[in-house]
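*Asks:* Residue numbers (our numbering): 9 to 524.
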């Protein structure tokens, strides 16, 4: 890995009390799309205000691709990649900014990186011209791993700044004092004074805002491309300071914003100052606003609160026996730890496979180790918080289990989107308490989802594990802890949902003015 990617400890600017990629696990829900202005009800109502250019999107069919870019080794592109390539003329057209709304696993990362790399490769100026902003450290690392070999192949230097090095080391790289990446060694000596030795930078919003204000010589004045991935999340209040950290150059900058659940909130989109934007969205039947892969099978399992641990264990034994790789989503960091302790206490032999944990209570190195263990197949189950839902691409995930039923529609979409990626098949299982079944159905209806079937586990398999699970819970004193954590999480989220309603009412005049 080249010098721009430094594997060391993290000290961030204005460091929050938790890692940057775990905000959602400890803060109240932000007034955003999870229950925000764009989700005022079922999509059939048509009451949500949208900007005119979003009413007639450019559709890409999710069933076919095209043959392009053979000289770069790409024989076939996914539909979203093909459409973005055509709309941007391979990165050489600056007529429009691009807004991409595509399901997770559809290939958005290459869709926005290929045109940018293609365009920058034809320019002989050596300066920071491409900026990719992502909300979390782990997601930034993942995108960098895709982008770096593309840049290296055409002599561009790509760098990563996501809190994996000290401020001084990052500052030296960004200000031009750091070592030059090998990928662009042929351009040595052509760097403009005061500009970073990077052509493309992948960065998280907190690091961007901090370095723009504190690192001498770091500037965006030569910027040509600004890419904002997981845009709806980056427009939340907790991230918004990066937008105002430094005014963008007055020359034309091509902006690409992307998300599986792209916001249609005018107040948020107008902050990006998009130029003649083109809205690209996957064609879905019946005018549905959101879509999940056609090869995804969805189930719900009814389980009382005190039966959920046993239901989870029975389901995991079944999935492990079938050779599945499974993500288990739990609603809070504390509950993630509790579920993992239970699975570890039961043992690998009992479950039919090892489990690992991914959450904000772990150090970055521990999270990377957990991801590696799961990716290699050493762990068949990864217990995680919703930090895993956004954009992370883990190979071969065949099943997703929602231990806690999501209360926001987009949370369900992002969790489900971890499987059935890139044309593969996948399954989603949601454990639902009887008293929350009606609410869960309403969550699904908000994303036009009527495909969830009820699943009942084999009675003998379920009852045979009752004593081992009960003994483990008693030994660890976890039963009541898991129930309390789930209740607290739902109260916190519902409070945020009510606050969102009040904010939407307060913002009606603004929406009306924009619509007019």
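Where a beta carbon is used, it is the ideal one built from N, C-alpha and C, also for glycine.
This structure is a prediction, so every number in the text was calculated from the model and none was measured.
1. Please go through the region 287-374 and give each complete alpha helix (DSSP H) segment of 4 or more residues, from N-terminal end onward.
2. Pull up the distance between the alpha-carbon of residue 290 and that of residue 303, whole angstroms please.
3. Could you give the C-beta distance for residue 111 and residue 301, rounded to a whole number, given that I count them as a contact under 8 Å?
4. Suppose the cutoff is 7 Å on Cβ atoms and the five residues either side in sequence are ignored; what does the same chain contact list for residue 361 look like?
5. Would you mind reading off the limits of the beta strand (DSSP E) that contains residue 168?
6. With the cut-off set at 8 Å, would you say residue 116 and residue 106 are in Cβ contact?
7. Ends of the beta strand (DSSP E) at residue 438?
8. Determine the contact status of residue 118 and residue 89, defining contact as a CB-CB distance below 8 Å.
9. Just the Cα atoms here: how many angstroms apart are residue 219 and residue 233?
10. Using the three-state DSSP reduction, which class does residue 13 fall into: helix, strand or coil?
11. Using DSSP's beta-bridge definition, name the partner residues of residue 533.
12. Going by DSSP, what residue range makes up the alpha helix (DSSP H) through residue 424?
13. If contact is defined by three or more beta carbon pairs under 8 Å, each pair taking one atom from either stretch, is the region 447-456 in contact with the region 406-420?
14. Take residue 276 and list the residues in its own chain whose beta-carbon comes closer than 6 Å to its own, dropping the five residues that flank it on each side.
15. Pull up the CB-CB distance for residue 411 and residue 320, whole angstroms please, since I reckon it's below 8 Å.
16. DSSP three-state label for residue 135, please.
17. Express the C-alpha separation of residue 326 and residue 221 in angstroms, rounding to a whole number.
18. Apart from the five residues just before and just after residue 425, which ones in its own chain have a Cβ nearer than 7 Å to its Cβ?
19. Is it a yes or a no for the region 432-448 touching the region 352-361, going by three-plus beta-carbon pairs under 8 Å?
20. Measure the C-alpha to C-alpha separation of residue 482 and residue 343 and round it to an integer number of angstroms.
21. Buried or exposed: which applies to residue 468, given that a residue is buried once 16 or more other Cβ atoms fall within 10 Å of its Cβ?
22. Report all residues from its chain with a CB closer than 7 Å to the CB of residue 331; omit the five preceding and five following residues, and keep chain order.
23. Tell me the residue span of the alpha helix (DSSP H) that contains residue 178.
24. According to DSSP, simplified to helix, strand and coil, what is residue 384?
25. Between residue 373 and residue 463, what straight-line distance do the alpha-carbon atoms span, to the nearest angstrom?
26. Under three-state DSSP, which class holds residue 233?
27. Quick check on the DSSP output: the alpha helix (DSSP H) that includes residue 462 runs from which residue to which?
28. Can you have a look at residue 339 and say buried or exposed, based on whether 16 or more other CB atoms are within 10 angstroms of its CB?
29. Output needed for residue 378: all residues of its chain with C-beta closer than 8 Å, excluding positions within five of it in sequence on either side, in chain order.
30. For residue 121, tell me which candidate among 207, 183, 135 and 279 has the shortest Cα-Cα distance.
31. Please name the residue or residues paired with residue 267 in a DSSP beta bridge.
32. Can you tell me whether residue 402 is helix, strand or coil according to DSSP?
33. Under 7 Å Cβ to Cβ from residue 179, same chain only, skipping five residues before and after it: list those, please.
34. Using CA coordinates, which residue listed in 445, 472, 337 and 354 is at the minimum distance from residue 409?
35. Is residue 142 helix, strand or coil when you go by DSSP?
36. Can you find the residues in the same chain that come closer than 7 Å, C-beta to C-beta, to residue 93, ignoring five residues on each side of it along the sequence?
*Replies:* On the basis of the supplied data:
1. 316-329, 341-354 and 356-359
2. 16 Å
3. 6 Å
4. 328, 388 and 389
5. 166-169
6. no
7. 434-440
8. yes
9. 19 Å
10. Below a pLDDT of 50, predicted positions are generally treated as unreliable, and residue 13, at 37, falls in that range; the measurement from the model is reported next regardless. Residue 13 falls in the coil class under three-state DSSP.
11. Here the chain has residues from 9 to 524 only, and residue 533 is not among them.
12. 417-424
13. yes
14. 243
15. 6 Å
16. coil
17. 53 Å
18. 111, 112, 113 and 268
19. no
20. 16 Å
21. exposed
22. none
23. 175-183
24. helix
25. 37 Å
26. strand
27. Premise fails: residue 462 lies in the beta strand (DSSP E), 460-462, not in any alpha helix (DSSP H).
28. buried
29. 364, 365, 366, 370, 387 and 390
30. 207
31. 109
32. coil
33. 219 and 223
34. 337
35. coil
36. 76, 85, 122 and 123
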